[in-house]
Amino acid sequence: MDKSLLYDLIVSIVNKGNSDLVVDASKEAGAEGGTIIFGRGTGIHEQAKLFSFQIEPEKEIVLTLIERSLTNKVLEAIVKKAQLDKPGKGIAFVLEVERTVGINHILNRMVNEELDNSNN
8 MDKSLLYDLI VSIVNKGNSD LVVDASKEAG AEGGTIIFGR GTGIHEQAKL
58 FSFQIEPEKE IVLTLIERSL TNKVLEAIVK KAQLDKPGKG IAFVLEVERT
108 VGINHILNRM VNEELDNSNN
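Quick note: to get this note's numbering, add 7 to the position in the sequence shown (first position is 1).
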């Protein structure tokens with residue numbers, strides 16, 4: 008059983024209401040899901056003022072922990088479905104994950120694969 012799986016964290020920051028696009032694309036490409044965090048902020052395409060007050064659009068940040076072997080496939084799916092290659096749609100970036108704790112569904116899958124291999 009390979010216990011040295013490597014992971015990446017795909018961080019996608021999109022306009023409010025678009026996190027479902029990111030999560031759906033991630034799952035279709037092999038991810039198990041994602042965590043959505045709400046925030047505010049602006050990019051160069053979104054700076055707006057109302058009565059001299061800076062307006063900060065609401066954002067959704069999607070954190071997708073993924074096995075490194077799937078990172079490119081999942082990232083490409085996110086970019087395509089959420090149209091991140093177009094101005095003002097959002098951004099995504101990848102961080103290498105040094106350690107993880109509590110990823111039980113992956114451990115369960117590895118144990119089941121090991122049991123299947125030993126039964127064959």
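Glycine residues also receive a C-beta, built at the ideal position from the N, C-alpha and C atoms.
Asked: Looking at residue 20 and residue 97, is the spacing between their C-beta atoms short of 7 Å?; Found: yes
Asked: As a quick exercise: from 42, 37 and 17, pick the residue whose alpha carbon is nearest that of residue 27.; Found: 42
Asked: What are the boundary residues of the beta strand (DSSP E) that includes residue 84?; Found: No beta strand (DSSP E) holds residue 84; the alpha helix (DSSP H) holding it covers 78-89.
Asked: Name the DSSP beta bridge partners of residue 24, please?; Found: Note: residue 24 sits in no beta bridge, so no partner.
Asked: With 16 other CB atoms within 10 Å as the buried threshold, where does residue 65 fall?; Found: exposed
Asked: Indicate the three-state DSSP secondary structure (helix, strand or coil) for residue 47 in the structure shown.; Found: strand
Asked: Residue 74 lies in the beta strand (DSSP E); which residues open and close that run?; Found: 65-74
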